[in-house]
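Since the structure comes first, as structure tokens, the remarks are kept for the end.
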Amino acid sequence: MKRSLLRGTGRGGITGLLLVLMLILTAFPAYAVAGDRNLTTSVNPEGAGTVSGGGTYTQGDIVNVEAIAAAGWTFSGWSGDLTGAVNPTTITMNGNKSITANFVEVPPPPTYTLTA
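If you count the sequence shown from 1, you need to add 43 to reach the numbering used here.
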């Protein structure tokens, strides 16, 4: 008679296998079935530009994000779950993330008046 290492009802010890699987998922919840992760993007101040890359992703995805300035504005850096001023850049979706692209207004060029 052949004996299974995982005893249970039926052939192959299905009950024992399920118990081991439950113990593994309880001890290591990060390895459980991955859910969706949301990347929320915003712009500061509103209307100063746009941000690409927002949406729903799978746990562990590496997402490309880019801040694009509107006319008269320049990108100054990221805040929230992404910091620094590298643009474009990437963010790893190891949880729900929220990022803000910050912009500053470009000062208008000086005007000169010529008189004769």
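Beta carbons: idealized from backbone N, C-alpha and C, even for Gly. Keep in mind the model is a prediction, meaning the values are calculated, not measured.
If you look at A110, you'll find it in the beta strand (DSSP E) that goes I105 to A112.
Sequence-distant Cβ neighbours of W116 in its own chain, meaning closer than 8 Å and more than five residues away, are A91, G92, F146, V147, E148 and V149. Secondary structure of D79 (DSSP, three-state): strand.
Secondary structure note for V94: its beta strand (DSSP E) is the uninterrupted segment G92 to S95. The C-beta distance from T143 to G127 rounds to 13 Å, too long to meet the 8 Å contact threshold. When DSSP states are grouped into helix, strand and coil, T156 belongs to the coil group. Annotation for R80: T99, Y100, T101, Q102, D104, M136, N137, G138, N139 and K140 place their beta carbon closer than 8 Å to its own, counting only its chain and skipping 5 residues before and after.
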